[in-house]
Structures are given as structure tokens and as C-alpha cells.
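Everything below concerns the one structure shown next.
Numbering (the working numbering), first residue to last: 1283 to 1821.
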């Protein structure tokens, strides 16, 4: 968040004592190892087929069990029908006004504490003869208490510019960003000292057993921070080196790395350091219209990276009069893959605008007291039946999208491992249920001569207003006239359904031009959802 930064600094106040909330999820965190979490997911919740179950693990192979549990829980939230987006709130800058006072305001306005409490370690607008004094982790005491009370924590860093001996320069572009890669330069040496100070705070939290959603270099595609809009290749190297330094050299195993671009600028994924260095992708979005085209396009770009997605900062442009209830509508209609959101404080905060209770008390929202890391929700219901043995697999999506494309979809298609009819992967696209029929298909000339039956498994996501249901047809187009043949409409659900096309009597089987699945929502359906295809076989 760069808008009027100095105006939103919180004056230091006496922190309001923490209220100890339900301890059930805390006990689960202490008791569950990563293996135990998987066991609970498989045996306690729903009837889960082997192909449906999966674990989302951090990029750090040495991540602690509790850190693994946090990521796995967040990544699975979009599978739920309720409590599917964790709420969050910014508590302030650690050495420049961090306080729980506004968190209590939020509690008074909504009856809820947010699931996630945020602190920022940096005050990069200030100067000090000791630049490391501008990185402060005194908010750790509150973050430990929050974790022990059943919540999660996230940390960002508005770091001072290492280009300056005394810091400051938060909003001044750094002249030679590549200096950060070389600790023998003055800027590179100062950067190591700043990282060491951050690491000390993060290590203190690790010693207390607290996992951290760590969000460095946020809004890197903007032009308002010293790290913003730098050379893209150099930025990626700096991120990768920072990741290696904190995770490897410093041995921090409690970090989940958040890549968070700003919606209002381009190049949202151009600075992405790679899947091996990021656990969650996020977006910072300040706008009075949460469903503006810029936010929607940023969502599509970032979710296409294949990582769990979060709104890492949200807030309005018009402070004091914004209706936060608009965000729950946006989540349900346009951003169903969201795992958490973080509302900013001060004049941007929910309690100081309208609609806070509408957002935080909606059934989609998980607040503190509803963070239960032992509850992993996979797609409900038993897995669809597999086709009879002996068929030839045409598309299983285990190594890619297998040449398939989407028509009338809002995102994708992507190869995903959140559901599968066979193996571990399937093909997925986001759709607008109010926009009519959508298609997942492969256009290729091939022969199915001598074959008798084409089969595929189709699924719809559990979210979205499906009204009376969505129907799917498995089809082929054959010959130079691309003649349509389908196997008839089948109602599909989040449990999946097997589609069958009898090929006997289909003309021009030696010249099949397209194979696909058509999804047709019922009248009255609306909002965002997703469709899936897997296990396309022919006999």
C-alpha cells in the first residue's frame, strides 16, 4: 500500500490486552504432524477417494510441521461451502504505532476477531544513524499471543532503502538495484544487515512455534517503492537470493513466501521469481469497485501461476464511506479461489467504513476461532466411477494440458491437482455461470476408426450459484463439415460424473477434428465457478 503512506501511520497507543479465544485449533496445531494432518484429512471429514486427496506443501522441504499445516489448510479452503476465506487485518508498523486497538474496534463492529493478524517490521520513510533500527520486531509479542489464541500471522516489511547510509528513501527508486546481490558493495552490505534484523524477528517467532505468512517486496510492479519497477531479471535474482539467505543460511523453517503484485499496474507476473520460491500468490487491491476489470484481470493472471491465491491487501479509495459488503459479493461472483484477504487499517479499515459486519459474518468467511488446521476439506462425495479397463487414454493431464483449450471461459485451462478422476491431475477452467455454455476441448485431426466408446469424467466446482444444476455433453466433431455428435446431457456435480459417447453410427470416425466437453448451466445460474475434465479414454 503506497497511497498517503505517512497519513496512515498509527500513533503509538497502549495495546489492548489480548482476549484468549478458543484453544481447539491451537491444540490441534501442537498435536498434528504433517502426516497426522493428512490422516485427519483422509479419515475424518468426508468420503474422499484416493485420487481426490492431495497435500499442498511449502517450497521449503524443511518447513516445520505447523508451517506445512497452515499452507495445506489455506490451500484447501476454496473446496469448502462455508468458512472458505480466512479474514485478515493490519495491526500497524512495529516501531511506529503497532497496536491492537483497531483490532478491538473491528471486534466491536463485527463481533469477530480476524483469522489473520498482520504486522509490518519496517518504517522505511524514517532515518536513523543505525539503519537496522528502522527494522523492528517488537510486535512479535502480540503475534505470538495471536497464534496461541487460535489465529494466524502475516508480516510485511516497508524496508528503508539500503542505498542510503541512514535509511529513508522508501518512495525513491534505488539507482542500482543489482547492488543487493553483492554484499561487498555498501548497499549490498546494508541490505544484509537489514535481512539479519528481519531474520532475528522471524527466528524469535520460529522459536515460539509461530508460522509466518512472509510478504517481502510487495507491489513490486508499481513505481512508488525503492524496489518497485526495477529490472525484472535482477528483481527475480534478488528475491531468490533473499529466499536462499533466510531459508538456507539463516535456517528459517517457519516462512510461507507471499508474492504480492499491485492490481493497478501491468507486469503483475513479470517479477515472479519462480514456483520454487513462492508459496502463495497475492494481489494488493485498493478500489471502490472490487469487481473492476483491472482487479479481475489481475486475478486471472495471478491464479494462472498455479499457486494458492490471496488478496494480500484490500481497501477503498474513498475512505469512510466504502461498503465492505461489496467484497463478499466480489469473492462469491468473481474470485472464488481466494484463500484469505487482509484489510488495511486506519481510514481504509472495515470498522471505519460501512459493511464490516456484512463481510466478516458472511458464511464464506473464517475468522479467529474457526481456524482449525486439522480440518482439510477435499471435494465432497466419493470419486466418480472409472471407465472399464482396456481403454486407451487420450488425455489424463498428468504432464500438461495435453493440447486442450477453453471456449467461453474466464480463466485457464490449467493442469491442477485439486481434483482428479485418475492419477493426480485434471484440466480446469474458471467460468461465469451466467454466460451460458462453456467448452473444454482439443482440436486435432485424428482417427477413431474401429473404436466403439468414448468416455470422459467431468466435474463442476462446489462454489457458484448452479441453480438447478449444470449439464455436460461429451462430443466429437468429424469430417470437413465438422459435424457435431454428442452422448447426451448428463448432470454433473462437484463429485464428478462419467460422460459416454457411443461411437457406433458416428460418421467419419477416421477424420475426427475435435473432442470436447460442453458445460451448460441451468437457467438462473450465476456467479463464478469452475469446470473440470479428466480421464478421456476411448475403447
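All residues carry an ideal CB built from backbone N, CA and C; glycine is no exception.
Owing to the predicted nature of the structure, the values given are computational and were not obtained by experimental measurement.
Bounds of the alpha helix (DSSP H) holding residue 1577 are 1575 to 1585.
At a Cβ-Cβ threshold of 8 Å, residue 1459 and residue 1512 count as neighbours. Annotation: the continuous beta strand (DSSP E) that includes residue 1565 extends over 1562 to 1568. Straight-line spacing of the CA atoms in residue 1754 and residue 1533 works out to 50 Å. Of 1715, 1765, 1390, 1784, the smallest CA-CA separation from residue 1813 is found for 1715. By the neighbour-count criterion, in which 16 or more other beta carbons inside 10 Å mark a residue as buried, residue 1445 falls on the buried side. Within the same chain, and ignoring the five residues on either side of residue 1516 in sequence, the residues whose Cβ sits closer than 7 Å to its Cβ are 1459, 1460. Annotation for residue 1394: 1642, 1649 place their beta carbon closer than 6 Å to its own, counting only its chain and skipping 5 residues before and after. With 16 or more other Cβ atoms from the protein chains shown falling within 10 Å of its own Cβ, residue 1618 counts as buried. Counting C-beta pairs closer than 8 Å gives three or more between the segment 1407 to 1421 and the segment 1463 to 1481, which meets the contact rule. Per the coordinates, the alpha-carbon of residue 1508 lies some 53 Å from the alpha-carbon of residue 1795. Boundaries of the beta strand (DSSP E) harbouring residue 1438: 1434 to 1438, taken from the DSSP string.
Put simply, of 1775, 1784, 1544 the residue whose alpha carbon is nearest the alpha carbon of residue 1758 is 1784. The Cβ atoms of residue 1691 and residue 1706 lie no closer than 8 Å to each other. In the displayed model, residue 1507 falls within coil according to three-state DSSP, outside both helix and strand.
Taking a C-beta distance under 8 Å as the contact criterion, residue 1420 and residue 1375 do not qualify as a contact pair. Taken through DSSP and simplified to helix, strand or coil, residue 1529 comes out as helix.
Between the C-alpha atoms of residue 1628 and residue 1600 there is a straight-line separation of about 12 Å.
Segment contact: the segment 1767 to 1784 against the segment 1721 to 1728, fewer than three CB-CB distances shorter than 8 Å; contact not assigned. Comparing alpha carbon positions, the residue from 1556, 1603, 1615, 1465 closest to residue 1636 is 1603. Within the model, the alpha-carbon separation for residue 1345 versus residue 1368 is close to 22 Å.
Taking the Cα of residue 1573 as reference, the smallest distance to any Cα among 1559, 1612, 1718 is reached at 1612.
Counting along the chain, the unbroken alpha helix (DSSP H) around residue 1642 starts and ends at 1638 to 1642. Pairing residue 1400 with residue 1372 gives a Cβ-Cβ distance under 8 Å. Secondary structure note for residue 1540: it is in no alpha helix (DSSP H), and the uninterrupted beta strand (DSSP E) holding it is 1537 to 1544.
By the criterion of a C-beta distance shorter than 7 Å, residue 1491 is surrounded in its chain by 1348, once the five residues flanking it on both sides are discounted. Beta-bridge partners assigned by DSSP to residue 1688: 1722. For the 8 Å CB-CB criterion, residue 1568 and residue 1560 do not form a contact. Within the segment 1379 to 1457, the complete alpha helix (DSSP H) runs of at least 4 residues fall at 1383 to 1392, 1422 to 1430. Between residue 1646 and residue 1610, the C-beta spacing is below 8 Å. Residue 1752 and residue 1801 have their C-alpha atoms spaced approximately 7 Å apart. Rounded to the nearest whole angstrom, the C-alpha separation of residue 1386 and residue 1398 is 14 Å.
Non-local C-beta neighbours of residue 1564 in its own chain, meaning closer than 6 Å and more than five positions away in sequence, comprise 1540, 1542, 1592, 1594, ordered along the chain.
Relative to residue 1651, the option among 1364, 1680, 1431, 1423 whose CA is nearest is 1431. For the pair residue 1737 and residue 1778, the CB atoms are not nearer than the 8 Å cut-off.
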